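Peer 1:
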Amino acid sequence: MAWKRTHTCGDLNIEHEGEEVVLNGWVDTRRDLGGVIFIDLRDRYGITQIVFREEDDELHSRAEELRREYVVGVKGVVEARSDENVNPDLQTGEIDINVSELLVYSEAETPPFEIKDDIGTSEDLRMKYRYLDLRRRALTDNLMLRSRSYQSIRNYFHDLDFAEVETPVLMRSTPEGARDYLVPSRVNPGKFFALPQSPQTYKQTLMASGFDRYFQIVKCFRDEDLRADRQPEFTQIDVEMSFIDEEDVFEMTEGLMKQLFEEVSDREVSVPFDRMTYQEALTTYGTDKPDTRFDLKFKNFSDLVADSEFRIFSQTVEEGGAVIGFNLPGEGDMGRGELDRLTERVQEETGAGGLIYIKVNEDEIKCSVGKFLTEETIRQMIDQAGAENGDLVLILAGPTPTVYEQLGTLRLMMGNDYDLIDRDQDHFLWVTDFPLLEWDDDAGRYVSLHHPFTAPQTRDLDKLENKPQEVLSRAYDLVLNGKEIGGGSIRIHQADLQEKMFDVMDIDRGEARDKFGFLMEAFRYGTPPHGGIALGLDRIIMLLAGADSLRDVIAFPKNKSAQSLMDNAPSYVEKDQLDELHIDLKDWVEKQKKEELAESQQKSNS
RNA sequence: GGUCCGGUAGUUCAGCUGGUUAGAACGCCUGCCUGUCACGCAGGAGGUCGCGAGUUCGAAUCUCGUCCGGAUCGCCA
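In my numbering, the protein residues as written are 71 to 676.
#1: Would you kindly check if the distance between the Cβ of ASP622 and the Cβ of LEU209 is under 8 Å?
#2: What runs of the beta strand (DSSP E), each 3 residues or longer, lie entirely inside the segment 300-378?
#3: With H, G and I counted as helix, E and B as strand and the rest as coil, what does DSSP make of PRO505?
#4: Less than 8 Å between the CB atoms is what I'm expecting for VAL253 and PHE285, so what's the real figure, rounded?
#5: Quick check: LEU366 and GLY485, are their CB atoms within less than 8 Å of each other?
#6: What would DSSP say about LEU524, mapped onto helix, strand or coil?
#7: Secondary structure at LYS630, three-state DSSP: helix, strand or coil?
#8: Which residue marks the beginning of the alpha helix (DSSP H) containing VAL574, and which one marks its end?
#9: Does GLY602 pass the burial test, meaning 16 or more other C-beta atoms within 10 Å, or should it be called exposed?
#10: What are the partner residues of ILE577, as DSSP defines its beta bridges?
#11: What three-state label does DSSP hand LYS664 in the structure shown?
#12: Please give me, in chain order, every unbroken run of the alpha helix (DSSP H) with length at least 4 that falls completely inside the segment 163-199.
#13: Quick check on this structure: which residue in VAL501, LEU499, ALA351 and SER518 has the alpha carbon closest to the alpha carbon of GLU508?
#14: Classify ARG138 as helix, strand or coil using the three-state DSSP reduction.
#15: On the three-state DSSP scale, how would you describe ILE84?
#16: ASP649: buried (16+ other C-beta within 10 angstroms of its C-beta) or exposed?
#17: Please say whether THR502 and THR347 have beta carbons closer to each other than 8 Å?
#18: May I ask which residues mark the beginning and end of the beta strand (DSSP E) holding ALA604?
#19: Inspect the beta-carbon positions of VAL174 and VAL144 and report whether they are closer than 8 Å.
#20: Can you tell me the Cβ-Cβ gap for ALA178 and ARG137, rounded? I've got them flagged as a contact below 8 Å.
#21: Could you check the C-alpha separation between ASP153 and PHE626 for me, to the nearest Å?
#22: Leaving aside the five residues before and after THR118 along the sequence, list all residues of the same chain whose C-beta is less than 7 Å from its C-beta, in chain order.
#23: Once you ignore the five residues that flank GLU569 on each side, which residues in its own chain have a CB closer than 8 Å to its CB?
#24: If you pair each beta-carbon of the segment 225-243 with each one of the segment 267-278, do three or more pairs fall below 8 Å?
#25: From this set, ILE109, SER312 and ALA668, which residue's C-alpha is nearest GLY280's C-alpha?
#26: Report the rounded CA-to-CA distance for GLY260 versus ILE560, giving the unit in angstroms.
#27: Check whether the segment 375-394 and the segment 439-448 are in contact - that is, three or more C-beta pairs closer than 8 Å.
#28: Taking the continuous alpha helix (DSSP H) assigned at SER217, which residues delimit it?
#29: How far does the beta strand (DSSP E) with ASN397 in it extend, from its first residue to its last?
#30: Compare the Cα-Cα distances from GLU540 to each of ASN551, PHE504 and HIS563 and report the closest residue.
#31: If you follow the beta strand (DSSP E) that VAL463 is in, where does it begin and where does it stop?
#32: Roughly how many angstroms separate the alpha carbons of LEU103 and GLU139, rounded to a whole number?
#33: From what residue to what residue does the beta strand (DSSP E) around GLY424 run?
#34: Assuming GLY391 and ALA467 make a contact with CB atoms under 8 Å, what is their CB distance in whole Å?
#35: Take ASN258 as the anchor and find which of HIS652, VAL97 and GLN662 has the nearest alpha-carbon.
#36: List the whole-angstrom C-beta distance separating GLN301 from LEU607, where the pair is believed to meet the contact cut-off of C-beta under 8 Å.
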């Protein structure tokens, strides 16, 4: 039977002096000074120091038995600490609880790692004992930030009259995009559901139904390899609106971000956000998600060096590639050894053939390929780069768009290495005017860059058949500090245009109709123009929390191999279960399953 | 799937070109200590050096294989 607590461990302060209180919590640290024992009592709200004195022999000796992570309840009186004993690092640091009664709810074994913030414990151990990991202040705070975020987001949309609608988790598998997670259907032998990569088709259908403003905080699933910023199941803020254009989506999203950031953190968001076309992002920053918190913008030297003696330059330009670079201010004194190491790193990490540099110093201008270039050309390049005395110009040459991406990687490397990133700032950025399609060598056809329901820009409609690679789309991405946190588009809402898109992508009409037929049909019964966006909630929380990994803002995340180490999911299942689902395992899988089961049996026996 | 890095005490790590009994810090246990808050002091326990083979008089250390983990690329409309 638990004592009813009167306060949490984060509540009490000098105002409560003299009050009789009851606290419940975990034993955090214990400082036994002999005649007096101090214990930090912890719950998710905070820490309160409780004191056991020698006067009460029985209580004092029971307090000596307390160990880390025991769960206890205490009754006692709030005492003010004397001035020299106040702990300014603690919310409750002005007071102690002088304990008069102690109740031990639960003892605890010594945990496999310490419950404190700056632990270097490997992630797989933390994952196995996730319930202990989550007791750590940093993770608790991240989840509480997440909890407040849900509230803020829901309030925003409800205030604007958006309808919150749940869409199915079991849906049909669709072509295009990431690999689906499949769920076998017992009652439909041989047939499978897929878990949604996003509720895309449902939310468009809802537009056809007249729910002109929809949102949902929804789990999505993609069966692809993981990264620190990628989980197989993740949460999206999914939004769709009717009778709108890009500007409405931008305005709605900017308002959401502003409210969210300012309600759950102390970060200010200024709206409207900056905008940049995909073309500009690629040619100026070498990526479709530029980190605009620092400069190092690309300059193009192709025209200057097209006729140069240096074959790598002239040949690159002749073959349609580019010679590009950026100015790194103040690093003109970089030594030969350091530049060699940098070159090696660039080759390894970006795959670029080599790195060319110009050191711009008052007494000497030194170019790594100086003997092949005229002094005038070098001078022009320095001007083009905007370099001044003391600066270093870094240059790559190669085929486009690869060379842009390589220089983009180098730009990020330099931004990090030379601490050029202003981490107190948040830079939101809309990236617009994406190409509609890209050529897929493996598939031998055009595929959507975004997804097949994205509307082409009206002015490009006539190019759709003859020059599909030149058609721009009405898609947009939202980028925050160099991380993509959302993307969306204005959709196609006309059946004939949608069919034409499938034609261009060489998805034959039968297949398209079979897989997306319901949506195409919906378009025939009166569908409004519509569009929307999906925002990556986990990533947004990660940035808000200042966490390095998505795993630090998800309560029970998967590891890199898409496993949950705490409950050992996924797992083998009984043969009976498979039989019901009409599924046979491949021979080699069956063999592996037997071996692993035998092994774990042996382990549990010994 | 490719490449690179790693696996030593409960945890994080050190342990060089092979050579006595494999160390440190934190944690844990015991004792002392009435104002600590990373308490302090004294003492103690704790190891199949991931696993298997090889080279050697001798392997944590070198070689090969294997398993596991991390980073990165492919992949992620």
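Heads up, the beta-carbon is just placed ideally off N, CA and C, and yes, glycines get one too.
Keep in mind that this is a model prediction, so the values were computed, not measured.
Peer 2: Answer, in terms of the structure:
#1: Yes.
#2: You should have 303-312 and 344-347.
#3: In this structure, PRO505 counts as strand in the three-state DSSP scheme.
#4: At roughly 26 Å, the Cβ-Cβ gap does not stay under 8 Å, so VAL253 and PHE285 are not in contact.
#5: In this structure, the beta-carbon distance from LEU366 to GLY485 falls below 8 Å.
#6: One detail in the question is off: residue 524 reads as Thr in this sequence, not Leu. Secondary structure at THR524: strand, using DSSP grouped into helix, strand and coil.
#7: Coil, per DSSP.
#8: Unbroken alpha helix (DSSP H) run through VAL574: 565-574.
#9: With 16 or more Cβ atoms within 10 Å of its Cβ, GLY602 is classed as buried.
#10: Answer is none; ILE577 lacks a bridge partner.
#11: Note: LYS664 maps to helix in three-state DSSP.
#12: Secondary structure remark: continuous alpha helix (DSSP H) runs of at least 4 residues inside the segment 163-199, in chain order: 193-198.
#13: Of the listed residues, the one whose Cα sits closest to GLU508 is SER518.
#14: ARG138: coil per DSSP, three-state reduction.
#15: ILE84: helix per DSSP, three-state reduction.
#16: Around the beta carbon of ASP649, fewer than 16 other beta carbons sit within 10 angstroms, so the residue counts as exposed.
#17: Yes, these two residues count as a Cβ contact at 8 Å.
#18: Element bounds for ALA604: 600-606.
#19: Cβ distance not < 8 Å, so VAL174 and VAL144 don't count as in contact.
#20: Indeed, because the Cβ distance is near 7 Å, the residues count as touching under 8 Å.
#21: Cα to Cα, the separation comes out at about 43 Å.
#22: The residues are CYS79, LEU82, LEU93, LEU111, THR162 and ILE167.
#23: The beta carbon of GLU569 sits closer than 8 Å to those of ARG579, ALA582 and MET590, all from its chain and outside the five residues before and after it, given in chain order.
#24: The segment 225-243, when compared against the segment 267-278, does touch it at the 8 Å Cβ threshold.
#25: The shortest C-alpha to C-alpha distance from GLY280 to any of ILE109, SER312 and ALA668 is the one to SER312.
#26: Straight-line Cα distance between these residues: approximately 36 Å.
#27: Output reads yes: the segment 439-448 touches the segment 375-394.
#28: The continuous alpha helix (DSSP H) containing SER217 extends over residues 207-229.
#29: It spans 392-398 - the beta strand (DSSP E) in which ASN397 sits, taken as one unbroken run.
#30: Among ASN551, PHE504 and HIS563, the Cα nearest to that of GLU540 belongs to PHE504.
#31: For VAL463, the uninterrupted beta strand (DSSP E) run begins and ends at 461-468, by DSSP.
#32: Rounded to whole angstroms, LEU103 to GLU139 spans 19 Å at the Cα level.
#33: Where GLY424 is concerned, there is no enclosing beta strand (DSSP E), given that its DSSP letter is neither H nor E.
#34: Yes, they are in contact, since the Cβ atoms of GLY391 and ALA467 sit about 7 Å apart, within 8 Å.
#35: If we check each option's Cα against that of ASN258, HIS652 comes out closest.
#36: The beta carbons of GLN301 and LEU607 sit about 11 Å from each other, so the pair does not count as a contact at 8 Å.
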